[in-house]
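Here's the structure we're looking at; comments come further down.
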Amino acid sequence: MAAESARKFEALEAQATALLDVFKRAGYEQVAPSIIQPADVFLDQIGEQVRSRTYVFTDLAGDELCLRPDLTVPVSRLYLERHPDADTPARYCYNGPAFRFQPDRNNQAHPREFRQAGIESFGAKDKESADVETVLLAVEAVRSARLKDFRLRFGDIALFYAFIDALALPDRWRLKLRHYFWRPQAFHALLSQLARSERPDAEGPVAALAGTLDRDDPEKSEELVACHFDDKGLPLAGNRTLSEITARLLDLLGDLRAEPLRKEIATVIDYFLAVSAAPEEAVERVTMIAKGACIDVAPALQALVRRFERLEQGGIDLGKSTFATEFGRSFEYYSGLVFQIEVGGEGDASQIAGGGRYDGLLAHIGAPREVPAIGAAIHTERLLAAVERGA
Amino acid sequence: MTSAKLSIGVPSKGRLKDQAAAIFEKAGIPLRNKGPERGYRAALEGLDGVEVVLTSAAEIVHELKSGRVHLGITGEDLIRETLADVDGSVEFLVSLGLGRADVVVAVPDCWIDVARMGDLEDVAAQFARAHGRRLRVATKYMNLTRRFFAASGVAGYRIVESVGATEATPAAGTAELIVDITTTGTTLRANHLKVLEDGLILKSQAHLFASRAAPWDTSAKKLRDTIANRLKTS
């Protein structure tokens, strides 16, 4: 185990001071959220894949805690502590350690303890301006640390949602596709199922029970399911309600009765998710795909185009950037524009900074309503290494 | 004890204890307790130079990994759960046919809309919409669960660690489903749980394992072969 928490301590400190100066000059208040966080919030929001890399422990009082695996959730909690009603806009910046177990081994590109410097903005009503400001500020920050040779990668979760919403699909399929977007493997399986026009198994006792229900009368359907449970002596356990179980049976009934979905829909989604090009070309291709499928995603697409225009005015070389429709699929709380600053080289070490919009997160961790939120974080060890390599 | 050439970990409690004692008896090398009756050391009668370390099946996995014992009898479930690199840490010498049990994914009986792992992700999505959180899986097999769920494409869950009475957690409301070990399924049925059709994670039984980290000199290897052959043919 490394005896020293961070190599090049002085160089990192100097760099962090410079980064924070950029953020503070832009009006972001410096905060220092707790390193030890309640594990619940992370595990409920981020899920088991991140838990497997989070240092989780139980303290002497029996509380389940963790060393923060990133700073977005801790800063969000800090915001809610200061503004429980989430009714005041606030902009924060920070620099501090985060911790992740490294399954392969603890090394320089993948340290178990690393530092993040970043910004988070809550409650800004003009989302377009906040998006542009965040990207530009992250770029200004890495430039101030003398990073010269880098490129940007963009994605837009809102565009994916708009695309799915515009397709001619029953709601149950729309919800499924939106959810499975975050599970690329299962999403792929779902699309193949769609493409084969597969129908659910109509045999068996469950399909038979579903067949007795009525999609237009959920209440009566619930009663029928309750009777079934009584007959079979099945107690209701596991925290799912009768209406949740009934709703899934009604979905099954819907799939049993409905026409199979059109195969082309799977193809269109595949085409859409394959788009990865410079922003201008990517927007053109999405436009073509939408036109070919006779669907309207113009509002979402125009919102994206306006952001790109303002980023270009702000000095971003879009010719060197990439927009990929499926980028941003790994962090489930993202809801809109996502971006990453990259340098040459392979794998994670090339990812210097990243961020995105996450409008849904605060409501999930206790805000009384949805709060517009966007942030960005810089992996400072990687930034320093890239600058020293001359990137 | 200075004359010991090979050490072997044998379960000192639980079901495996009596079963392990029986197979050594049958193999003609019965366990013989040494010293005070509550001792943690024993010998194999008729086989000189062997030190038997009596400890829990879970501890034997750690002893094998670190090489503090040459051989050990324990369950495959514990080996696969605990060791990150199974093949690099231990060798499977003899499958003993003891302690047979399945590690399975089980959900409440009343989840009639859930039959397979694939259904779980749909339920996870619905559950998150309705309750604002993930499905909780109670288990002591955190690593087996994570690997199996990942391979099945299920991600909308979180694990709550459970060291005892796991099968009671869905009824108690502290978890929605479980990953647990079952032999006959009676306990699961009594708790109104059902195993998913494709929810078998591991068919486990006890094996004689050899540690790859232990010091293997010629006499230790000889004793290993003798013990393995006796247990195989008995």
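If you read the protein sequences in the order shown, they are chains A and B. Using numbering that gives the first Met the number 0, you'd call the opening residue of the first sequence number 0 and step up by one each time. Using numbering that gives the first Met the number 0, you'd call the opening residue of the second sequence number 0 and step up by one each time. Every residue, glycine too, gets a C-beta built ideally from N, C-alpha and C.
Check: On the three-state DSSP scale, how would you describe tyrosine 293 (chain A)?
Finding: Looking up residue 293 (chain A) in the first sequence gives position 294. Strictly speaking, residue 293 (chain A) in this sequence is cysteine, with tyrosine absent from that position. Residue state, collapsed to three classes: coil.
Next item on the list: Tell me whether threonine 87 (chain A) sits in a helix, a strand or coil according to DSSP, three-state version.
Entry: As a working mapping, residue 87 (chain A) is identified with position 88 in the first sequence. It is coil, neither helix nor strand.
Margin query: Just to confirm my understanding: we take glycine 365 (chain A), look at its own chain, exclude 5 residues before and 5 after, and list those with CB closer than 7 Å. What are they?
Written below: As a first step, residue 365 (chain A) is located in the first sequence; it is residue number 366 there, counting from the start. Cβ neighbours of glycine 365 (chain A) beyond the five flanking positions: Leu79.
Note to self: Residues of chain A with CB closer than 7 Å to the CB of aspartate 108 (chain B), please, in chain order.
What the structure shows: Taking the second sequence and counting its residues from 1, the one referred to as residue 108 (chain B) is at position 109. By Cβ distance, chain A contributes Leu233.
Item checked: Contact check, arginine 99 (chain B) vs glutamine 18 (chain B), beta carbons under 7 Å -> Here residue 99 (chain B) corresponds to residue number 100 of the second sequence, with the count starting at 1. Here residue 18 (chain B) corresponds to residue number 19 of the second sequence, with the count starting at 1. Not in contact: arginine 99 (chain B) and glutamine 18 (chain B) (Cβ atoms no closer than 7 Å).
Item checked: Span of the alpha helix (DSSP H), counted from its first residue to its last, around threonine 266 (chain A) -> One-based indexing of the first sequence puts residue 266 (chain A) at position 267. First-last of the alpha helix (DSSP H) with threonine 266 (chain A): 262-272.
Next item on the list: With DSSP collapsed to three states, give me the class of glutamine 204 (chain B).
Entry: Mapped onto the second sequence, residue 204 (chain B) falls at position 205. Reduced to three states, the DSSP call for glutamine 204 (chain B) is strand.
Notebook entry, point to check: Would you call glutamate 28 (chain A) buried or exposed, if buried means 16 or more other Cβ atoms sit within 10 Å of its Cβ?
Noted result: Within the first sequence, the letter at position 29 stands for residue 28 (chain A). When all chains shown are included, glutamate 28 (chain A) counts as exposed.
Next item on the list: Give me the Cα-Cα distance between glutamine 184 (chain A) and serine 233 (chain B), rounded to the nearest whole angstrom.
Entry: Position 185 of the first sequence, counting from 1, holds the residue named residue 184 (chain A). Position 234 of the second sequence, counting from 1, holds the residue named residue 233 (chain B). The alpha-carbon atoms of glutamine 184 (chain A) and serine 233 (chain B) are separated by roughly 47 Å.
Margin query: Strictly below 7 Å CB to CB, what residues from chain B border glutamine 36 (chain A)?
Written below: The count along the first sequence starts at 1 and reaches residue 36 (chain A) at position 37. The contacting residues do not exist; glutamine 36 (chain A) stays about 15 Å from chain B at best.
Next item on the list: Please work out which residues of its chain come closer than 8 Å, Cβ to Cβ, to serine 242 (chain A), disregarding the five sequence neighbours upstream and downstream, and give them in chain order.
Entry: Working through the first sequence from its first residue, we reach residue 242 (chain A) at position 243. Excluding residues within five positions, the ones whose Cβ falls inside 8 Å are Pro217 and Glu221.
Note to self: Just to check my reading of the structure: arginine 111 (chain A) and glutamine 101 (chain A) have Cβ atoms closer than 8 Å, yes? What is that Cβ distance to the nearest angstrom?
What the structure shows: Within the first sequence, the letter at position 112 stands for residue 111 (chain A). Within the first sequence, the letter at position 102 stands for residue 101 (chain A). With a Cβ gap of about 5 Å, arginine 111 (chain A) and glutamine 101 (chain A) count as contacting.
Note to self: Considering just the uninterrupted stretch of the alpha helix (DSSP H) at arginine 132 (chain B), what are its terminal residues?
What the structure shows: The residue you call residue 132 (chain B) lines up with position 133 of the second sequence. Taken as a continuous stretch (DSSP letters only), arginine 132 (chain B) belongs to no alpha helix (DSSP H), as it is neither H nor E.
Notebook entry, point to check: Whose C-beta lies closer than 6 Å to the C-beta of leucine 43 (chain B) among residues of the same chain, with five residues either side of it excluded?
Noted result: Along the second sequence, one-based indexing puts residue 43 (chain B) at 44. Around leucine 43 (chain B): Ile28 and Val49.
Check: Nearest to aspartate 43 (chain A) by CA position, among B:Tyr156, B:Gly152 and B:Arg145, is which residue?
Finding: One-based indexing of the first sequence puts residue 43 (chain A) at position 44. The option with the nearest alpha carbon to aspartate 43 (chain A) is B:Tyr156.
Note to self: If you reduce the DSSP assignment to three classes, tell me which class tyrosine 179 (chain A) lands in.
What the structure shows: Translated into the one-based positions of the first sequence, residue 179 (chain A) becomes position 180. Three-state result, tyrosine 179 (chain A): helix.
Next item on the list: Could you tell me if glutamine 408 (chain A) is buried or exposed, where buried requires 16 or more neighbouring beta carbons within 10 angstroms of its beta carbon?
Entry: Here chain A comprises residues numbered 0 to 390, so residue 408 (chain A) is not present and cannot be evaluated.
Check: Given that a residue counts as buried once 16 or more other Cβ atoms are within 10 Å of its Cβ, and exposed if not, what is serine 191 (chain A)?
Finding: Counting from one through the first sequence, the residue named residue 191 (chain A) turns up at place 192. That one is exposed.
Item checked: Interfacial residues, the stretch 69-86 of chain B to chain A, with Cβ spacing under 7 Å -> none
Check: At what residues does the alpha helix (DSSP H) containing alanine 135 (chain A) begin and finish?
Finding: The residue labelled residue 135 (chain A) in the question sits at position 136 within the first sequence. According to the sequence as given, residue 135 (chain A) is leucine; it is not alanine. Segment 126-143, the alpha helix (DSSP H) holding leucine 135 (chain A).
Notebook entry, point to check: If you count every other CB in all the chains shown that lies within 10 Å of the CB of lysine 290 (chain A), and 16 or more means buried, which is it?
Noted result: Within the first sequence, residue 290 (chain A) is the residue found at index 291, counting from 1. Burial call: exposed.
Next item on the list: State the CB to CB distance for the pair alanine 31 (chain A) and tyrosine 93 (chain A), rounded to an integer number of angstroms; the pair is presumed to be in contact (CB under 8 Å).
Entry: Within the first sequence, numbered from 1, the residue matching residue 31 (chain A) stands at position 32. Within the first sequence, numbered from 1, the residue matching residue 93 (chain A) stands at position 94. Confirmed, about 7 Å.
Check: Is it true that the CB of alanine 57 (chain B) sits closer than 7 Å to the CB of leucine 70 (chain B)?
Finding: Counted from its first residue, the second sequence places residue 70 (chain B) at position 71. Counted from its first residue, the second sequence places residue 57 (chain B) at position 58. No, the Cβ-Cβ distance between leucine 70 (chain B) and alanine 57 (chain B) is not below 7 Å.
Item checked: Inter-stretch contact (C-beta, 8 Å, three-pair minimum) for the stretch 206-220 of chain B and the stretch 78-89 of chain B -> yes
Note to self: By the three-class DSSP mapping on this structure, what secondary structure does aspartate 179 (chain B) have?
What the structure shows: The count along the second sequence starts at 1 and reaches residue 179 (chain B) at position 180. The answer is strand: DSSP assigns aspartate 179 (chain B) an E or B state.
Check: So what does DSSP say about threonine 65 (chain A), is it helix, strand or coil?
Finding: For the purposes of this step, residue 65 (chain A) is taken as the residue at position 66 of the first sequence. The sequence as given places cysteine at residue 65 (chain A); threonine does not occur at that position. Looking at cysteine 65 (chain A) - three-state DSSP - the assignment turns out to be strand.
Note to self: Am I right that arginine 214 (chain A) and leucine 251 (chain A) are in contact with their C-beta atoms under 8 Å? What's the rounded C-beta distance?
What the structure shows: The sequence position of residue 214 (chain A) within the first sequence is 215, counting from 1. The sequence position of residue 251 (chain A) within the first sequence is 252, counting from 1. Not a contact, Cβ separation roughly 10 Å.
Next item on the list: Could you confirm whether any beta carbon from chain A is found closer than 7 Å to the beta carbon of aspartate 179 (chain B)?
Entry: The residue given as residue 179 (chain B) occupies position 180 in the second sequence. No, no contact with chain A.
Margin query: Please report the distance separating the alpha-carbon of valine 285 (chain A) from that of arginine 81 (chain A).
Written below: Along the first sequence, read from residue 1 onward, the residue named residue 285 (chain A) stands at position 286. Along the first sequence, read from residue 1 onward, the residue named residue 81 (chain A) stands at position 82. Each residue's alpha carbon lies about 42 Å from the other.
Checklist line | Interface residues of chain B facing leucine 272 (chain A) [CB-CB closer than 7 Å] | finding: The sequence position of residue 272 (chain A) within the first sequence is 273, counting from 1. Here the premise fails: no neighbours, minimum Cβ distance about 17 Å.
Notebook entry, point to check: So, are the CB atoms of histidine 178 (chain A) and alanine 124 (chain B) less than 7 Å apart?
Noted result: Counted from its first residue, the first sequence places residue 178 (chain A) at position 179. Counted from its first residue, the second sequence places residue 124 (chain B) at position 125. Their beta carbons are under 7 Å apart, which means histidine 178 (chain A) touches alanine 124 (chain B) by this criterion.
Check: From the beta carbon of glycine 198 (chain B), is the nearest beta carbon of chain A less than 7 Å away?
Finding: The residue labelled residue 198 (chain B) in the question sits at position 199 within the second sequence. False, the Cβ-Cβ gap to chain A never drops below 7 Å.
Item checked: arginine 229 (chain B) burial status per 10 Å Cβ neighbour count (16 or more: buried) -> Against the second sequence, residue 229 (chain B) aligns to sequence position 230. Buried, by the Cβ-count rule.
Next item on the list: Would you please verify whether the beta carbon of arginine 157 (chain B) is less than 7 Å from any beta carbon of chain A?
Entry: Start at 1 with the first residue of the second sequence, and residue 157 (chain B) comes out as number 158. At least one chain A Cβ lies under 7 Å of arginine 157 (chain B).
Item checked: Reduced DSSP secondary structure (H/G/I, E/B, other) of phenylalanine 338 (chain A) -> As a working note, residue 338 (chain A) is residue 339 in the first sequence. Three-state result, phenylalanine 338 (chain A): strand.
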